[in-house]
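Working notes, structure below.
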Amino acid sequence: MQGMSMKIIFGLLTTLSLYAPTINAASDFDQVYSLLGISFHVTCPNSGSINQLTIKPSGLAISNGTIEQEIDGTVSGAEIADINSDGSPEIYVYVTSAGSGSYGKLVAYSSNNKKSISGIYLAPLAYDSINSQGYMGHDKFSIAGSELRRRFPIYTQNDTNANPSGGVRQLRYKLFAGEAGWQLKLTGSTSLQ
295 MQGMSMKIIF GLLTTLSLYA PTINAASDFD QVYSLLGISF HVTCPNSGSI NQLTIKPSGL
355 AISNGTIEQE IDGTVSGAEI ADINSDGSPE IYVYVTSAGS GSYGKLVAYS SNNKKSISGI
415 YLAPLAYDSI NSQGYMGHDK FSIAGSELRR RFPIYTQNDT NANPSGGVRQ LRYKLFAGEA
475 GWQLKLTGST SLQ
């Protein structure tokens, strides 16, 4: 009798597992952002460590061509803003790498006089020997007023990846026209405890 009860319980568990909802570690990213008459439709499957990011602008006078690029990680968020106050908005897409470090990366584009879009360059943090000290990922990007902010925990020499003890560093960037396109330039750094 006990053997039969175990078979029934096993059968019920097997049947229930067939109909249980599947929980995905990451989900599709699909959002539309609009500002000043320009829209950006941002999509990404977030289905693995390498993904295809798609940005479809609309409302531009000359070119509304779709941008597709492979990213190393998943899209964790996006924002639209006009941080340089030129009347033409930018789209900022926040990418988080796979793995325990969760390194942050920015993919951004600016609309040029509401006619077309071009890329915005943010130098890798590794190029900044001062502000990269103690950096081990876990970035959070956000727009605040007229600047992009990047926050991350600071790790000291003996910290494990899960236990940073050096506080938090916040970097502030403003958008400038460069020789070959737009650039986000560091305008300030603050360490918080």
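In the working numbering, each number is its position in the sequence shown, counted from 1, plus 294. Beta carbons are placed, not taken as given, at the ideal position from N, Cα and C, and that holds for glycine.
Under the assumption that residue i contacts residue j (Cβ atoms under 8 Å), give the Cβ distance between them as a whole number of angstroms.
{"i": "G428", "j": "T450", "result": "7 Å"}
{"i": "S382", "j": "N407", "result": "6 Å"}
{"i": "I374", "j": "L329", "result": "5 Å"}
{"i": "V369", "j": "F323", "result": "4 Å"}
{"i": "V326", "j": "V387", "result": "No, V326 and V387 are not in contact; Cβ-Cβ is about 13 Å, not under 8 Å."}
Can you tell me whether residue i is helix, strand or coil according to DSSP?
{"i": "Y397", "result": "coil"}
{"i": "Y449", "result": "coil"}
{"i": "A420", "result": "helix"}
{"i": "T368", "result": "strand"}
{"i": "S333", "result": "strand"}
{"i": "Q477", "result": "strand"}
{"i": "Q346", "result": "strand"}
{"i": "A456", "result": "coil"}
{"i": "N406", "result": "strand"}
{"i": "I356", "result": "coil"}
{"i": "I377", "result": "coil"}
{"i": "G413", "result": "strand"}
{"i": "G482", "result": "strand"}
{"i": "A392", "result": "coil"}
{"i": "D433", "result": "coil"}
{"i": "S382", "result": "coil"}
{"i": "P351", "result": "strand"}
{"i": "Q363", "result": "strand"}
{"i": "D427", "result": "Note on residue identity: the sequence assigns Gln, not Asp, to residue 427. Three-state result, Q427: coil."}
Please state if the CB of residue j and the CB of residue i are separated by a distance shorter than 7 Å.
{"i": "G367", "j": "T390", "result": "yes"}
{"i": "K434", "j": "L354", "result": "no"}
{"i": "N345", "j": "I365", "result": "yes"}
{"i": "T481", "j": "K468", "result": "yes"}
{"i": "G371", "j": "G413", "result": "no"}
{"i": "N425", "j": "L486", "result": "no"}
{"i": "I385", "j": "S440", "result": "no"}
{"i": "V462", "j": "R444", "result": "no"}
{"i": "G431", "j": "G395", "result": "yes"}
{"i": "A392", "j": "S343", "result": "yes"}
{"i": "S405", "j": "I332", "result": "yes"}
At least three beta-carbon pairs within less than 8 Å, the region 394-405 to the region 416-431:
yes
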